[in-house]
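Enquirer:
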Amino acid sequence: MVNIYVARHGQDVDNANGILNGHRDEPLTDLGREQARDVARKMVKAGMTLSSSSSYANTASPSTAAATVLNAIYSSPLRRAHETAEIFADILSSSTGDLKGKHSLLPVDDSLSSPNVNTKPKVEILNDLIERNFGVLTGQPTSSILDNCRAEDILVTEKINYFLHPPGAETFPELIERANRLLSDVQKITASDEDNDAASSSILLVTHGDFGKMLYAAYYNLQWEEVLKQFHFGNSEVLSLAKDSPPEKAHIFETSQFNS
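So this note's numbering is basically just the index in the sequence shown, starting at one, shifted up by 1389.
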């Protein structure tokens, strides 16, 4: 069984301006890029790296067996997610990554550097990682949810008001269906490698707030209504989906100081 890490993109222009983005394709803000770098550094500090090999076989050596080696990074086709995925790949594919830069938070061991260290694998696109279609609310201010939806069509949480089914929007049950399809596709992709060691495969999926939470709900077979109320999935935060890890421990890398 593949271990799946799910990341939300960093803050984009619409997030910063309080706009419902959906399928709009805005870039990251400077803060969004720093959020992605911040979380990637935390991942490196926790022992996570990105393999330069395309194989899904176990790539950890005996001396690094406790480390997590990501075999691939997949992204939503939208720019904000793909930019975030590229930042993750840049830092995770190098043993020193971007840790020596002006935003460095970690000490760097120069003995790890070599000409061949930073061989970054390509970030692959999976179309099913795209954000929820927001329908008629796409491009509208977040405040318009209360103005344009009936009270019974809004799920109110501590941080976000979720609209349930405005015209043209995907519903959450439809997102669960898409999430289950994507999880099935991921299993097929990782199992297709002839050298596959499924028990040790790990991948990172870079997606969006609503769909990321529905991936979590689908993986653990949870009710979508309850998941929407459980936690806020902030910009660049990471969830770990694993059969040997309970759902309440899935939220592993947070950026609470940056949430949008």
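All residues carry an ideal CB built from backbone N, CA and C; glycine is no exception.
No experiment lies behind these values; they were computed from the predicted model shown.
Just to confirm, are Leu1630 and Ile1393 a CB contact at a threshold of 7 Å?
Expert: Yes, they are a contact pair.
Enquirer: Can you find at least 3 beta carbon pairs, one from the segment 1599-1618 and one from the segment 1559-1579, that sit closer than 8 Å?
Expert: Counting Cβ pairs under 8 Å, three or more are found: they touch.
Enquirer: Pull up the CB-CB distance for Arg1422 and Gly1528, whole angstroms please, since I reckon it's below 8 Å.
Expert: In fact, because the Cβ distance is near 23 Å, the residues do not count as touching under 8 Å.
Enquirer: Three-state secondary structure (DSSP) at His1471?
Expert: The answer is helix: DSSP assigns His1471 an H, G or I state.
Enquirer: Which first and last residues belong to the beta strand (DSSP E) in which Ala1396 is found?
Expert: Counting along the chain, the beta strand (DSSP E) containing Ala1396 begins and ends at 1392-1397.
Enquirer: Using the Cα positions of Ile1408 and Asp1536, report the straight-line distance between them to the nearest angstrom.
Expert: Computed Cα separation, rounded: 14 Å.
Enquirer: Nearest-angstrom Cα distance between Leu1488 and Val1595?
Expert: Bear in mind that a pLDDT of 46 at Leu1488, under 50, signals an unreliable position, so the number given afterwards is only what the model happens to contain. One C-alpha to the other measures close to 21 Å.
Enquirer: Quick check on DSSP: helix, strand or coil for Glu1563?
Expert: If DSSP states are grouped into helix, strand and coil, Glu1563 belongs with the helices.
Enquirer: Let me know the alpha helix (DSSP H) ranges lying completely inside the segment 1522-1569, each 4 residues or longer, listed in chain order.
Expert: Fully enclosed alpha helix (DSSP H) runs of 4 or longer: 1533-1537.
Enquirer: Roughly how many whole angstroms lie between the Cα atoms of Leu1637 and Met1603?
Expert: First, the residue type needs correcting, since residue 1637 is Glu and not Leu in the sequence shown. Whole-angstrom Cα-Cα distance: 15 Å.
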